[in-house]
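Down below is the structure, laid out as structure tokens.
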Amino acid sequence: MAIMEVLAEIPQATQEDLLTIGGKTFRSRLMLGTGKYRNAEEMNAALEASGCEIVTVALRRIDLDAPKRSILDEIDWKKYHILPNTAGARTADEAVRTARLARAMGLSDWIKVEVIPDPKYLLPDPVGTFEACKTLVDEGFIVLPYINADPPLARRLQELGTHTVMPLASPIGSGQGIKAREAIKIIVEQATVPVVVDAGIGVPSEAAQAMELGAAACLINTAIARAENPALMAEAMKRGVEAGHRAYLAGRMPVLPYASASSPLEGVVR
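Going letter by letter, the sequence shown gives residues 37 to 306 in this note's numbering.
What follows is the structure in structure tokens.
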């Protein structure tokens, strides 16, 4: 069969290529944050190059009374699904108030829950996160919680009714890569909702690794925003996520303790 005939038989978009959260379907499995960019032009170039459809915005860090344009004015709402987050919240109550403000403003019923009381290590508070998620699920929000790579917590949040779990790969903004590999594998194994690896990814190969573990998506901010060329890095991250997802679907070869010849030995001319 000719190569073009083979390629023609490969589906360009299957159900496995699609990501569904809260009843909405997305083609891209890469989500982007909007913090740390040097300017709005670089941010929008990165969003475009990434092919992302979900963009997260820290509501508490926006001065709604300021006369100048805010980050919300710089994003094309018709093109991207805006995901407000509760970054800056140190307690469950603060996170809940932020979510309610986003809803009251007409931004979204979706909310990425972040409860981070420690300003040095920026690790999410599991108790505060659980409490905030319980309240917000009860109030009908589409809840996407940012958590440590903690399998029991991820399981409890899913049972509570959250629409994803979002474990960190390593500390936020660190670029350390997939430090929580084994815990993320367990979370994926036990998942009943999409698992989004969030925080710590520094380069596209690490995004691919996260997807190869079976993650449904990656959320990336600092690695793109702080790159010398954010748009180019965003495109590279897109390709890393796509490659990792396809590799997971394909199923990797088994890891062997010994060598295995690439060419068969039967019929070799001696």
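All C-beta atoms in this analysis are idealised placements derived from N, C-alpha and C, irrespective of residue type, glycine included. Small disclaimer: the values here were computed from a predicted structure and weren't measured.
For G213, same chain residues with a beta-carbon under 8 Å away, outside a window of 5 residues either side, are A205, S206, G236, I237, G238, V239, E242, Q245 in chain order. Rounded to the nearest whole angstrom, the CA to CA distance from I222 to C254 is 17 Å.
With a cut-off of 8 Å on Cβ pairs, the region 182-190 is not in contact with the region 66-77, counting fewer than three such pairs. The three-state secondary structure of L66, taken from DSSP, is strand. Counting every other CB atom within 10 Å of its CB across the protein chains shown gives P155 a total below 16, marking it as exposed.
Around the C-beta of L54, fewer than 16 other C-beta atoms lie within 10 Å, and the residue is accordingly described as exposed. Nearest neighbour of A81 by Cα position, chosen from A263, A295, I152, turns out to be A263. Bounds of any alpha helix (DSSP H) do not take in K148; it lies within the beta strand (DSSP E) bounded by 146-149. Distance from L95 to L158 at the Cβ level is roughly 18 Å; contact not present, criterion being Cβ atoms closer than 8 Å. V173 is not a Cβ neighbour of I147, given a cutoff of 8 Å. Residue pairing of C254 in beta bridges, as defined by DSSP: L66, V233. By alpha-carbon distance to I111, the top candidate from A123, A252, E225, C88 is C88. M202 and V232 do touch by the CB rule: their CB atoms are close to 4 Å apart, below 8 Å. Here V151 is buried, its C-beta having at least 16 other C-beta atoms within 10 Å.
Bridge pairing for Y182: M202 [DSSP].
Beta-carbon to beta-carbon, A125 and T134 are separated by about 6 Å, close enough to satisfy the 8 Å threshold. By the neighbour-count definition (other C-beta atoms within 10 Å, threshold 16), G59 is an exposed residue.
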